[in-house]
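Visitor:
Protein chains: 2
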Amino acid sequence: MADIRTVAALAGVSVATVSRALSAPDKLRPETLARVTDAIARTGYNPNARAQGLRRQRSRTVMVIVNDLPNPFIASVVRAIEDRARAAGYCVLIGDSQRCRTHELAYGTMATRGIADGIIQFGPRPPFGTESDLARFPVVSVLDCFHHPSVPTVQIDNRAAAEDMMARLIGLGHRRIALITGPVTSSQSHDRADGARAAFAGHFGHLEGLVATTGDYSAESGRLAMAALLDSPARRPTAVFCFNDLMAIGAMKAIGAAGLAVPADISVAGFDDIEVARFLAPALATVRQPAQEIGTVAFDLLEQRIASPAAAVSHVRLPHAIREGESLSRPGMARHRHGAGAASAMRRGPTCL
Amino acid sequence: MADIRTVAALAGVSVATVSRALSAPDKLRPETLARVTDAIARTGYNPNARAQGLRRQRSRTVMVIVNDLPNPFIASVVRAIEDRARAAGYCVLIGDSQRCRTHELAYGTMATRGIADGIIQFGPRPPFGTESDLARFPVVSVLDCFHHPSVPTVQIDNRAAAEDMMARLIGLGHRRIALITGPVTSSQSHDRADGARAAFAGHFGHLEGLVATTGDYSAESGRLAMAALLDSPARRPTAVFCFNDLMAIGAMKAIGAAGLAVPADISVAGFDDIEVARFLAPALATVRQPAQEIGTVAFDLLEQRIASPAAAVSHVRLPHAIREGESLSRPGMARHRHGAGAASAMRRGPTCL
DNA sequence: CTGAAAGCGCTTACAG
DNA sequence: CTGAAAGCGCTTACAG
């Protein structure tokens, strides 16, 4: 924690020379460089990043704003961003808004106070209160994107991905399918719901049999939503498509709690392909999103934007894939061991599409 | 992104007055304050944190270094730290070392470059290469702690917690118990193994029947470790105590893959009490660690240390609890439906304690 | 190739 | 109560 003056004195040079030894060593006479390098080593000198940032007007830090850090899928994208950032000599500042708009805005403001050079935003709203800031401060929107002329986005084709999974379910013979969606504010959830509807209507010519209920991407919300769907055995779906894996885990729990089996009674599909999904029994069929690549591309786009703010804004769509699992089967695979009890249909949430 | 000079000019005062309007408003004449406040509002002025930090020699930022951010238990402790930090007006910088020593040291060095006022370290090693830095820079060690005279720690009593879970297993009648531990570098894993041994030996007077194999806290390592334990049906344990929930999830997968059932054939216990553990079927019995409180206390200790570096170093032990689950039962609950095949005993890893 | 000097945007004794 | 000035630790034209 010596400063540049200490090092300069020790090496018998000016502070400018010490600075150059670090940033442009080839501009120094080898002899001088050696003296400075030695002094740096002896003092354990590390330039103060605050002072560097102030002088250079660049912090080499990016802020990542997520809304649910404990969600393993989000964490894995964050990890990929961090990997790439580190390689590029950047620090990463993570803000977990916990879906609270106030926190989100606080992190956004913080970033613009010279703390970060740009923001990677995971949520469906801009991290600033005033839209015009988006034109001035580099922001990249990722996963659950929002749209703005000066904000690049990186995500999969959520609509097509949902269509693909629905095609799989329909292909297996399912005619009564439930969706457990994300919150109404989630743009990716809208896209997926659109895709699901398109696939269903495209195949059957109508939407009868497709039902949707809303979750909030937490396992508990998936459990509750599924429990609501099970309230009415007569209209019970034969397959459930959850818009993330955590909700699928919750749904599986609710199905088990009702004395039903996956997939014999109800097939379950997820979204994200988090690691634990592969460890469930049965292993969850889900939509794989390329977490690593999403993070990498997001960082690269942000870095480009920091370097040249006027360049064209690109919107990257990365490929998804269907991850096979044991949680899907054809409908009607179970003996009819459950009594009726046609109770309160659609009590909570579920609405026809 | 106006600067203080712009605001001062607009309000017709000096920059010193603008600074005071923010940090000590009561020192200004109400009239002046009003003019400045108005100018601040009109320009959307936010002080540059870099410049503030440089001048004040305080960044009001703490760095959190974890080794596995996607682990939901770790993420939940990080979230608690962030909550507390935000309330105290601090930023949080998260570094995910991914168990790589080089990255860990890089984050540690970064923090000391004026970027952070202190570090909360999750791993069992100090974040610096030279020990003496620990006396100079505030560090708090958390969860998987290391020990150093000037570093406060916060964790549960891992030894006692393991004893408690072992007592539960022994009380159910288990006589052949396997441990799936963390890596050898993990101090908390050592403590837990000690506790497990003490409980076993205390009850039986010997260690025959207690077996340990090593994992790395990932689900996949739990699966592999469990598969190795199942290699020899004759010596198969009737209960497995995994030193985190992710490994327990992996172990359950391996048990299912071998055609066995939890808990009928093998009881499984975990550690951490992550949210998904409650959603497994069967719900996992585990050791609850108070994530929220651990994070809160860790931040508070760090803040104290930043404020008064010379104060006494405290070591906080927070209470754990046993979370009941359906993954435990008495041994021998299953019919003997599996053939023998007494193959290669202890081929991989498992060693008698 | 090297140094003296200005300045990044703030804060805070020091005067008045 | 308010302002002028020094300085936090760097970097980088500008001279030489």
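The listed protein sequences derive, respectively, from chains A and B.
For the first sequence, the residue numbers in the numbering used here are 1 to 353.
For the second sequence, the residue numbers in the numbering used here are 1001 to 1353.
All C-beta atoms, glycine included, are put in the ideal place defined by N, C-alpha and C.
Out of 139/A, 187/A and 209/A, which one is the CA nearest neighbour of residue 170/A?
Guide: If you number the first sequence from 1, residue 170/A lands on position 170. Ranked by Cα distance from residue 170/A, the first of 139/A, 187/A and 209/A is 209/A.
Visitor: Quick check on this structure: which residue in 1030/B, 1115/B, 1121/B and 1032/B has the alpha carbon closest to the alpha carbon of residue 1068/B?
Guide: Residue 1068/B sits at position 68 when you count from the first residue of the second sequence. Here the closest residue by C-alpha is 1121/B.
Visitor: Along the region 1248-1274 of chain B, what residues have a CB closer than 8 Å to any CB found in chain A?
Guide: 1249, 1250, 1252, 1253 and 1256
Visitor: Using CA atoms only, rank isn't needed, just tell me which of 1049/B, 1173/B and 1022/B is closest to residue 1039/B.
Guide: Here residue 1039/B is taken as the residue at index 39 of the second sequence, counted from 1. Closest option to residue 1039/B, Cα to Cα, is 1022/B.
Visitor: Can you tell me whether residue 1352/B is helix, strand or coil according to DSSP?
Guide: Within the second sequence, residue 1352/B is the residue found at index 352, counting from 1. Its pLDDT being 45, under 50, residue 1352/B is placed unreliably in this model, and the coordinates cannot settle the point.
Visitor: So with Cβ pairs under 8 Å, would you call residue 1338/B a contact of chain A?
Guide: In the second sequence, residue 1338/B corresponds to position 338, counting from 1. Note that residue 1338/B scores a pLDDT of 44, beneath 50, so its modelled location is shaky and nothing firm can be said.
Visitor: Enumerate in chain order the residues of its own chain whose CB-to-CB distance from residue 1282/B is below 7 Å, with the five nearest sequence positions on each side excluded.
Guide: The residue given as residue 1282/B occupies position 282 in the second sequence. 1262, 1263, 1325, 1326 and 1327, listed in sequence order.
Visitor: With distances taken between CB atoms, is the gap from residue 1275/B to residue 1072/B smaller than 8 Å?
Guide: As a working mapping, residue 1275/B is identified with position 275 in the second sequence. As a working mapping, residue 1072/B is identified with position 72 in the second sequence. Between residue 1275/B and residue 1072/B, the CB-CB gap stays under 8 Å.
Visitor: Relative to the C-alpha of residue 142/A, which candidate in 106/A, 81/A, 213/A and 202/A has its C-alpha closest?
Guide: As a working mapping, residue 142/A is identified with position 142 in the first sequence. Distance from the Cα of residue 142/A is smallest, within the candidate group 106/A, 81/A, 213/A and 202/A, for 81/A.
Visitor: Using a Cβ cut-off of 8 Å (strictly closer), state whether residue 1219/B contacts chain A.
Guide: Numbered from its first residue, the second sequence carries residue 1219/B at position 219. Yes - at least one Cβ of chain A is within 8 Å of the one on residue 1219/B.
Visitor: List the whole-angstrom C-beta distance separating residue 144/A from residue 187/A, where the pair is believed to meet the contact cut-off of C-beta under 8 Å.
Guide: Taking the first residue of the first sequence as position 1, residue 144/A is located at position 144. Taking the first residue of the first sequence as position 1, residue 187/A is located at position 187. Between residue 187/A and residue 144/A the Cβ distance is about 6 Å, and since that is below 8 Å, they are a contact.
Visitor: Please classify residue 1320/B as buried or exposed, where buried requires at least 16 neighbouring CB atoms within 10 angstroms.
Guide: Taking the second sequence and counting its residues from 1, one reaches residue 1320/B at position 320. It counts as buried.
Visitor: Identify, in the order they occur along the chain, each residue of the same chain with its Cβ nearer than 8 Å to the Cβ of residue 1014/B, setting aside the five sequence neighbours on each side.
Guide: Working through the second sequence from its first residue, we reach residue 1014/B at position 14. Closer than 8 Å at Cβ, skipping near neighbours: 1008.
Visitor: What separation, rounded to the nearest whole angstrom, lies between the Cα atoms of residue 46/A and residue 307/A?
Guide: Numbered from its first residue, the first sequence carries residue 46/A at position 46. Numbered from its first residue, the first sequence carries residue 307/A at position 307. C-alpha separation (whole angstroms): 25 Å.
Visitor: In terms of alpha-carbon separation, which member of 1130/B, 1247/B and 1159/B lies closest to residue 1182/B?
Guide: Here residue 1182/B refers to the residue found at position 182 when the second sequence is read from its first residue. The residue with the shortest Cα to Cα distance from residue 1182/B is 1247/B.
Visitor: Quick one: any contact between the region 106-126 of chain A and the region 1093-1112 of chain B, if contact means 3 or more CB pairs under 8 Å?
Guide: no
Visitor: Is it buried or exposed for residue 174/A, if we count other Cβ within 10 angstroms and need 16 for buried?
Guide: Taking the first residue of the first sequence as position 1, residue 174/A is located at position 174. Buried, since its Cβ has 16 or more Cβ neighbours within 10 Å.
Visitor: In its own chain, which residues sit with a C-beta less than 6 Å from the C-beta of residue 1199/B, not counting the 5 before and 5 after it?
Guide: Counting from one through the second sequence, the residue named residue 1199/B turns up at place 199. Answer for residue 1199/B: 1163, 1166 and 1167, listed in chain order.
Visitor: Ignoring anything shorter than 3 residues, give me the beta strand (DSSP E) runs that lie fully in the region 129-161 of chain A, in order along the chain.
Guide: 139-142 and 153-156
Visitor: Rounded to the nearest angstrom, what separates residue 323/A and residue 277/A at their Cα positions?
Guide: Here residue 323/A refers to the residue found at position 323 of the first sequence. Here residue 277/A refers to the residue found at position 277 of the first sequence. Whole-angstrom Cα-Cα distance: 10 Å.
Visitor: Where do the N-terminal and C-terminal ends of the beta strand (DSSP E) with residue 35/A fall, by residue?
Guide: By one-based count along the first sequence, residue 35/A stands at place 35. Looking at the DSSP string, residue 35/A is not in any beta strand (DSSP E); the run it does join, the alpha helix (DSSP H), is 30-43.
Visitor: Does the count of Cβ pairs from the region 1248-1259 of chain B and the region 279-296 of chain A closer than 8 Å reach three?
Guide: yes
Visitor: Check the Cβ of residue 1327/B against every Cβ in chain A and list those closer than 7 Å, keeping chain order.
Guide: If you number the second sequence from 1, residue 1327/B lands on position 327. Within chain A, no residue comes near residue 1327/B; the closest Cβ sits about 12 Å away, beyond 7 Å.
Visitor: Excluding the five sequence neighbours on either side, which residues of its own chain have a C-beta within less than 7 Å of the C-beta of residue 90/A, listed in chain order?
Guide: By 1-based counting over the first sequence, the position of residue 90/A is 90. For residue 90/A, where only same-chain residues beyond five positions count, the Cβ hits under 7 Å are 60, 61 and 62.
Visitor: Does the Cβ-Cβ distance between residue 1049/B and residue 115/A come in under 8 Å?
Guide: What you label residue 1049/B is simply residue 49 of the second sequence in a count that begins at 1. What you label residue 115/A is simply residue 115 of the first sequence in a count that begins at 1. The answer is yes: Cβ separation under 8 Å.
Visitor: Could one say the Cβ of residue 243/A lies closer than 8 Å to chain B's Cβ atoms, at least one of them?
Guide: As a first step, residue 243/A must be located in the first sequence, where it is residue number 243. Taking Cβ atoms only, chain B never reaches closer than 8 Å to residue 243/A, which makes this a no.
Visitor: Can you list the beta strand (DSSP E) stretches of 3 or more residues lying completely in the region 54-107 of chain A, in chain order?
Guide: The region 54-107 of chain A contains these whole beta strand (DSSP E) runs: 61-66 and 91-96.
Visitor: Could you tell me whether any Cβ in chain B is nearer than 8 Å to the Cβ of residue 279/A?
Guide: For the purposes of this step, residue 279/A is taken as the residue at position 279 of the first sequence. Yes, contact with chain B.
Visitor: When the Cα atoms are used, what is the spatial distance from residue 1065/B to residue 1301/B?
Guide: Reading the second sequence from its first residue, position 65 is the one you call residue 1065/B. Reading the second sequence from its first residue, position 301 is the one you call residue 1301/B. C-alpha separation (whole angstroms): 16 Å.
Visitor: When DSSP labels each residue in this structure, what does residue 338/A get in the three-state scheme?
Guide: Counting from one through the first sequence, the residue named residue 338/A turns up at place 338. Confidence at residue 338/A is low in this model, with a pLDDT of 44, below 50, so the placement of that residue should be treated as unreliable; the coordinate-derived value is given next. In the structure shown, residue 338/A sits in coil (DSSP, three-state: anything other than H, G, I, E or B).
Visitor: If I measure Cβ to Cβ from residue 18/A and keep anything under 6 Å in the same chain, skipping five residues before and after, which residues do I get?
Guide: If you number the first sequence from 1, residue 18/A lands on position 18. Cβ neighbours of residue 18/A within its own chain (closer than 6 Å, five residues either side excluded): 4, 7, 8 and 36.
Visitor: Which residues of chain A have a Cβ atom closer than 7 Å to the Cβ of residue 1075/B, listed in chain order?
Guide: Looking up residue 1075/B in the second sequence gives position 75. 69, 70 and 75, listed in chain order.
Visitor: Report yes or no: is there a C-beta of chain A within less than 8 Å of the C-beta of residue 1353/B?
Guide: The residue given as residue 1353/B occupies position 353 in the second sequence. In this predicted model, residue 1353/B has a pLDDT of only 47, less than 50, meaning its place in the structure is not dependable; the value taken from the coordinates is given anyway. Output row for residue 1353/B: interface = no.
Visitor: Short check: CB of residue 124/A to CB of residue 139/A, under 8 Å?
Guide: Here residue 124/A corresponds to residue number 124 of the first sequence, with the count starting at 1. Here residue 139/A corresponds to residue number 139 of the first sequence, with the count starting at 1. It is not a contact, given that the beta carbons lie outside the stated cut-off.
Visitor: For residue 96/A, return the contacting residues in chain B, with the cut-off set at a CB-CB distance below 8 Å.
Guide: Mapped onto the first sequence, residue 96/A falls at position 96. Here the neighbours are 1078, 1079 and 1082.
Visitor: In this structure, does DSSP put residue 274/A in helix, strand or coil?
Guide: Start at 1 with the first residue of the first sequence, and residue 274/A comes out as number 274. Correct three-state label for residue 274/A: coil.
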